[in-house]
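S.K.: Shown below is the structure under consideration.
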Amino acid sequence: MEVILIKPVRKLGKIGEIHKVADGFGRNYLLPQKLAIRATELNKELIVKQKHELEEKDKQIKSEITKINDLIKDQKLIFVRQTSDDGKLFGSVNNKEIAEKLSQAVSYPISHLNIILDTQIKSTGIYKVEVRLHAELSTEVTVIVARSESEIQDYLREQKTEKSTTEPLAESA
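Just so you know, numbering that gives the first Met the number 0 puts 13 at position 14 of the sequence shown, and the rest follows in order with no gaps.
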């Protein structure tokens, strides 16, 4: 199936590009999500005319998301959970919980689909989690999972000392 992208799609392309994709991917994802339209002759002509307009709209969305990313990037999300003696959680911290807590922190609705977890969070510690609100823009938040408030303070102190030791020292001449 040939489609014309009307929004940028991660790992596929930019607005106005024509791509041949698997039928299922086009029918079940790109078309219903309004990320692409079928590449008919009429649609090709329309997209050529509307491409500039679509790109301008995308630039506006990008600028809004850049502002939101600036709010998000310094966030530390804290989860206090029950754990076993060796620090393993009874359950896990998932992308829905992270999205919910992040939405409350920045007062902007963030979907769980925008939270990208490399691995499941099943033990206490400090994790970096990617937040992708746009196909071309992403940022990271810090997720801290601990048993108690005192453990959280320990993690935060540990993180501050790591930052101070990794910063370059001023050279004296």
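Think of the CB as a built atom: it goes at the ideal place given N, C-alpha and C, for glycine as much as any other residue.
Which ranges does the beta strand (DSSP E) cover as unbroken runs of at least 3 residues, wholly within the stretch 78-164, from first to last along the chain?
M.R.: Runs of the beta strand (DSSP E) inside the stretch 78-164: 87-92, 120-122, 124-133 and 136-145.
S.K.: Is any non-hydrogen atom of the ligand FAD found closer than 6 Å to the C-beta of Asp153, if you look at the structure I gave you?
M.R.: With respect to the ligand FAD, the structure offers nothing, as it holds no ligand at all.
S.K.: Assuming Lys19 is part of the beta strand (DSSP E), what are its boundary residues?
M.R.: As a first step, residue 19 must be located in the sequence shown, where it is residue number 20. Ile17 to Lys19 is the extent of the beta strand (DSSP E) around Lys19.
S.K.: When you compare the stretch 83-91 with the stretch 66-74, are there three or more beta-carbon pairs, one atom per stretch, that lie closer than 8 Å?
M.R.: No: the two stretches stay apart, fewer than three of their Cβ pairs being nearer than 8 Å.
S.K.: So, with DSSP's three-state summary, where would you put Ile3?
M.R.: Locating residue 3 in the sequence shown gives position 4, counting from the first residue. Three-state DSSP puts Ile3 in a strand.
S.K.: When you compare only the Cα positions, how much space is there between Lys6 and Lys19?
M.R.: Mapped onto the sequence shown, residue 6 falls at position 7. Mapped onto the sequence shown, residue 19 falls at position 20. Each residue's alpha carbon lies about 16 Å from the other.
S.K.: Once DSSP output is grouped into helix, strand and coil, what is the label at Ile14?
M.R.: Here the question's residue 14 lines up with position 15 in the sequence shown. Looking at Ile14 - three-state DSSP - the assignment turns out to be coil, as it is neither helix nor strand.
S.K.: For the stretch 27-34 against the stretch 142-157, are there 3 or more C-beta pairs whose distance is under 8 Å?
M.R.: No: the two stretches stay apart, fewer than three of their Cβ pairs being nearer than 8 Å.
S.K.: Please give the ranges of any beta strand (DSSP E) in the stretch 27-68, keeping only runs that are unbroken, at least 3 residues long and fully inside the region.
M.R.: DSSP runs (the beta strand (DSSP E)) wholly in the stretch 27-68: 35-37.
S.K.: Distance check for Leu116 and Ser110, CA to CA, integer angstroms please.
M.R.: What you label residue 110 is simply residue 111 of the sequence shown in a count that begins at 1. What you label residue 116 is simply residue 117 of the sequence shown in a count that begins at 1. Straight-line Cα distance between these residues: approximately 13 Å.
S.K.: Do Ile77 and Ile120 have their CB atoms nearer than 7 Å?
M.R.: Here residue 77 corresponds to residue number 78 of the sequence shown, with the count starting at 1. Here residue 120 corresponds to residue number 121 of the sequence shown, with the count starting at 1. No, Cβ-Cβ distance for Ile77 and Ile120 is not below 7 Å.
S.K.: What is the DSSP secondary structure of Ala172, counted as helix, strand or coil?
M.R.: Mapped onto the sequence shown, residue 172 falls at position 173. Below a pLDDT of 50, predicted positions are generally treated as unreliable, and Ala172, at 37, falls in that range; no measurement from the model is reported.
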